[in-house]
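Q:
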Amino acid sequence: MPLHTGDHASPRTAAPHPGDTPPAPAPAISTRGLVKSYRGPDGTTTHAVRGLDLDVRQGETFAFLGPNGAGKSTTIAMLCALTRPTSGHATVAGADVLTEPDRVRRRVGLLFQHSALDPDLTAEQNLRVHARLYGLGRAEARRRTAEVLDLADLTDRRRSPVRTLSGGMRRRLELARQLLHSPGVLFLDEPTTGLDPHARARVREHLRDLRDRHGSTLFVTTHYLDEAEHCDRLAIIDGGRLVAQGTPHEVKAAIGDDRVVLRTSDDEAARRVVGTLTPPDRSLTVDADGLWLRVPDGSAWIPRLCAALGAHGIAVHAASATPPTLDDVFFHHTGRSMAPDGGGR
Amino acid sequence: MTTLTRPEPDGNGTGAPARLAAGARAGAERPPRLRRELRALHALVHRDLLRLACQRTPTALMLLHPVLYLFILGGGLATLIPTASLGVGYRTYLFPGMLMMTVQTPAIMVGIRLITDRQSGYLRELLMAPVGRATLLLGGCAGGTLVATVQGAVLLGLAGAVGIPYDPVLFALLLGGMVLASFTITALSLALAVGLSRPETFHTLLGLVMMPLLFLSGGFFPLASLPGWAQPLAAVNPLAYGVDVLRRSIALRAPGQAAAGGVEWAGRQPPLFLEAGLLLTAGVLALLWATRRFSRPE
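Protein chains in written order, with our numbering: chain W, 6 to 350; chain D, 12 to 309.
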């Protein structure tokens with residue numbers, strides 16, 4: 006298991022300090038009422054984060070979803086003890102961000118949105134310097150460097166100066182660098198932004214690997230809806246506030262209804278027929294797509310609707326039921342769409 | 012996707028996450044704090060040496076600069092400036108100033124690097140490391156001092172060409188003087204850079220400050236020949252003390268090559284050790300100030 010430090014447990018662990026007993030199922034990240042405000046030069050106050058209550062479990066991949074400027078990066082900075090919260094509490098990997106910032110930083114890794122490597126040094130040298138910076142011994146630094154290079158599939162490029170590596174390789178190297186000190190929680194701020202689709206897929210593959218094979222806790226911010234879709238749980242943030250938290254299934258189930266679209270020989274007639282079957286509070290709309298409505302469990306409705314329409318002599322040319330997307334969820338809570346460019350679904 | 016079908020991690024008890032937590036816990040107190048800070052310090056110095064090793068062309072060009080001064084300016088003016096007024100030939104006179112120029116360039120680069128690291132985001136990576144901010148600045152300072160001294164040591168090889176004997180003790184003294192001067196210039200450069208976010212500002216400031224500092228250092232001509240109003244400026248110029256320490260080290264071991272001039276306080280030369288002490292104090296104060304600014308929480 007190359008990621009974690011299980012193989013060099015020190016004798017110290019045999020005699021735990023009082024007050025240092027591991028509370029076994031503690032969440033990887035827990036925040037209560039986390040607030041960050043910035044005082045502007047003209048006396049105005051900007052509220053970047055307005056009271057976050059987050060719970061991230063050990064070993065899960067947690068997506069933190071929101072449009073640009075929603076407060077994602079500020080939250081990460083607070084959770085990594087880079088910025089002091091204005092108020093509220095947060096514990097990360099068992100350490101308090103306010104009282105034990107050093108311990109937090111030793112236990113987490115953070116992949117910045119715009120990360121930086123030393124372009125003149127080789128991949129290996131970059132990693133070696135970083136490992137020592139995190140207090141690894143010489144031999145350990147060498148061993149971990151080899152391991153994470155292997156993990157990132159960059160062993161054959163280890164002697165290449167970083168400036169000769171492609172964008173995707175650099176991203177993987179940056180990711181590898183954050184694994185050197187075997188962090189308990191890995192924060193990734195927009196890990197795939199600026200990469201081409203192929204490189205994006207590879208980075209995601211690596212992240213999945215980390216979770217499945219090594220049980221890492223990943224906290225991923227993203228504004229790509231499809232990326233959040235693949236996480237264990239997610240939170241949606243807008244304007245510094247949480248608007249939803251749960252599994253992708255849960256948050257979508259909360260707004261509930263699937264969109265059912267029917268294309269028939271006579272949409273207006275079909276509308277009257279369908280109206281007698283569905284609950285009266287459901288709105289039926291006829292537009293260029295055909296007749297559509299929102300109902301829970303849409304695919305179960307389709308055969309019933311088709312049978313009823315057939316009985317009235319209306320032919321159904323096409324029928325579909327689409328579950329709500331995360332963008333629907335975001336729209337539901339904020340009244341805005343997160344992906345005007347269709348970047349999500 | 013496997014994501015949604017995966018069992019909840021707390022469902023299957025203490026698996027990898029628990030072991031991971033235990034590992035992190037064990038690592039918390041180990042290695043001890045001081046060793047971690049030292050390792051980080053070493054990492055930063057190592058980074059500077061690696062960069063020096065892979066930037067051979069810029070380094071060679073940087074070294075060429077003082078050599079050109081020494082032989083072209085020195086060669087040209089040697090015939091105009093009578094040895095009698097300096098005590099030595101002009102090129103010999105110029106040599107300590109050249110050493111100072113050599114160490115000064117890489118030492119100043121440390122400040123520029125702090126700013127470019129801030130711009131590129133590398134500084135954030137450094138700040139994420141679980142070490143004190145003072146360690147980060149100290150590491151930059153130590154790396155800059157070392158790199159500058161190494162480059163100065165290369166130019167020491169030219170001593171013979173200006174009539175200075177290859178004496179091991181003298182070389183040790185000169186190296187010591189260069190370490191001191193490099194440290195102080197690095198610290199001053201960091202103190203200047205720590206509050207700036209744009210390299211342009213730093214370059215503008217340097218352009219404004221560097222020329223007077225060099226000409227008021229006594230490296231090119233004796234400070235005694237400066238107009239009276241400029242004398243106090245020279246007396247607060249750290250470069251002047253750096254040049255003086257080097258020049259008087261030469262005079263100590265090679266009395267035949269003793270050059271006239273240097274910093275004077277009310278017409279008297281301060282003792283060599285006092286000059287070295289002042290240089291060190293200036294560096295330490297600058298570094299402390301820079302550390303204070305750098306450690307300010309946001």
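Note that CB positions come from ideal geometry on N, CA and C, so glycine has one too.
#1: Assuming residue 220 of chain W contacts residue 64 of chain W (C-beta within less than 8 Å), just tell me the rounded distance between them.
#2: Taking C-alpha atoms, which residue in D/229, D/155, D/48, D/222 lies nearest to residue 195 of chain D?
#3: In chain D, which residues lie less than 8 Å from residue 248 of chain W when you measure between Cβ atoms?
#4: Against chain D, which members of the stretch 306–326 of chain W pass a CB distance test of less than 9 Å?
#5: How should residue 19 of chain D be labelled, buried or exposed, when 16 other C-beta atoms within 10 angstroms of its C-beta is the threshold for buried?
#6: State whether the stretch 292–307 of chain W contacts the stretch 256–273 of chain W, with contact taken as three or more CB pairs (one from each stretch) at a distance under 8 Å.
#7: Determine contact between the stretch 225–233 of chain W and the stretch 180–200 of chain W, defined as no fewer than three beta-carbon pairs at a distance below 8 Å.
#8: Would you kindly work out how many angstroms separate the C-alpha atoms of residue 131 of chain W and residue 139 of chain W, rounded to a whole number?
#9: Check whether the Cβ atoms of residue 233 of chain W and residue 68 of chain W lie closer than 7 Å to each other.
#10: What residue range is occupied by the uninterrupted beta strand (DSSP E) comprising residue 52 of chain W?
#11: If we ignore side chains and look at the alpha-carbon of each, how far apart do residue 33 of chain D and residue 45 of chain D end up?
#12: Identify every residue that forms a DSSP beta bridge with residue 295 of chain W.
#13: Within 10 angstroms of the Cβ of residue 38 of chain W, are there 16 or more other Cβ atoms? Answer buried if so, exposed if not.
#14: Compare the C-alpha of residue 218 of chain W against each of W/112, W/66, W/45, W/55 and name the closest.
#15: What separation, rounded to the nearest whole angstrom, lies between the Cα atoms of residue 305 of chain W and residue 276 of chain W?
#16: For a test of the three-state rule: what should DSSP assign to residue 4 of chain D, helix, strand or coil?
#17: Taking all protein chains shown into account, do 16 or more other C-beta atoms lie within 10 angstroms of the C-beta of residue 48 of chain W, making it buried, or fewer, making it exposed?
#18: Mind checking whether residue 297 of chain D and residue 234 of chain D have CB atoms under 7 Å apart?
#19: I want to see whether chain D comes within less than 7 Å of residue 43 of chain W, judged by CB atoms only; does it?
#20: Looking at C-alpha atoms only, which residue of W/279, W/293, W/251 is the closest neighbour of residue 62 of chain W?
#21: Can you give me the start and stop residues for the alpha helix (DSSP H) that residue 335 of chain W sits inside?
#22: What's the gap between the Cα of residue 307 of chain W and the Cα of residue 297 of chain W?
#23: What's the gap between the Cα of residue 154 of chain W and the Cα of residue 82 of chain W?
#24: Can you find a CB in chain D that lies within less than 7 Å of the CB of residue 110 of chain W?
#25: Using only the alpha-carbon positions, how far apart do residue 186 of chain D and residue 276 of chain D sit?
#26: Mind listing, in chain order, the continuous alpha helix (DSSP H) runs of no fewer than 4 residues lying wholly within the stretch 114–143 of chain W?
#27: Quick check: is any heavy atom of the ligand ADP less than 6 Å from the C-beta of residue 109 of chain W?
#28: Can you tell me which of W/164, W/34, W/257, W/56 puts its alpha carbon nearest to the alpha carbon of residue 243 of chain W?
#29: Compare the C-beta of residue 134 of chain W against all C-beta atoms of chain D and say whether one is closer than 7 Å.
#30: Considering just the uninterrupted stretch of the alpha helix (DSSP H) at residue 183 of chain W, what are its terminal residues?
#31: If I measure Cβ to Cβ from residue 43 of chain W and keep anything under 6 Å in the same chain, skipping five residues before and after, which residues do I get?
#32: Would you list the one or two residues that DSSP bridges to residue 240 of chain W?
#33: Starting from residue 101 of chain W, follow its DSSP beta bridges and name the residues at the other end.
#34: What are the partner residues of residue 267 of chain W, as DSSP defines its beta bridges?
#35: Taking only beta-carbon atoms, is residue 145 of chain D less than 7 Å away from chain W?
#36: Quick check on residue 284 of chain D: buried or exposed, where buried means 16 or more other Cβ atoms within 10 Å of its Cβ?
A: With the given structure in hand:
#1: 5 Å
#2: D/155
#3: For residue 248 of chain W, none of the residues of chain D pass the 8 Å Cβ criterion, the least Cβ distance being about 21 Å.
#4: Cβ contacts with chain D come from no residue of the stretch 306–326 of chain W.
#5: With a pLDDT of only 34 at residue 19 of chain D, under 50, the local geometry of the prediction cannot be trusted, and the value read off the model is given with reservation. So residue 19 of chain D counts as exposed.
#6: yes
#7: Here the stretch 225–233 of chain W makes contact with the stretch 180–200 of chain W; the two share three or more CB pairs at distances below 8 Å.
#8: 13 Å
#9: yes
#10: For residue 52 of chain W, the uninterrupted beta strand (DSSP E) segment begins and ends at 50–61.
#11: With a pLDDT of 37 at residue 33 of chain D, under the threshold of 50, the predicted position of this residue should be treated as unreliable, though the coordinate-derived value follows. Taking the straight line from one Cα to the other gives about 23 Å.
#12: Within the DSSP bridge table, the entry for residue 295 of chain W names W/292 as partners.
#13: Residue 38 of chain W is exposed by the Cβ-count criterion.
#14: W/66
#15: Whole-angstrom Cα-Cα distance: 18 Å.
#16: No information on residue 4 of chain D is available, as it lies outside the stretch 12 to 309 that chain D covers here.
#17: exposed
#18: no
#19: no
#20: W/251
#21: 331–339
#22: Rounded to whole angstroms, the gap between the alpha carbons of residue 307 of chain W and residue 297 of chain W is 11 Å.
#23: 27 Å
#24: yes
#25: 26 Å
#26: With a minimum length of 4 residues, the continuous alpha helix (DSSP H) runs that stay inside the stretch 114–143 of chain W are 128–138.
#27: Annotation note on the ligand ADP: not contained in the displayed structure, which lists no ligands.
#28: W/56
#29: yes
#30: DSSP places residue 183 of chain W inside the alpha helix (DSSP H), whose first and last residues are 172–184.
#31: 51
#32: W/69, W/250
#33: W/96
#34: W/296, W/324
#35: Not an interface residue.
#36: Under this definition residue 284 of chain D is an exposed residue.
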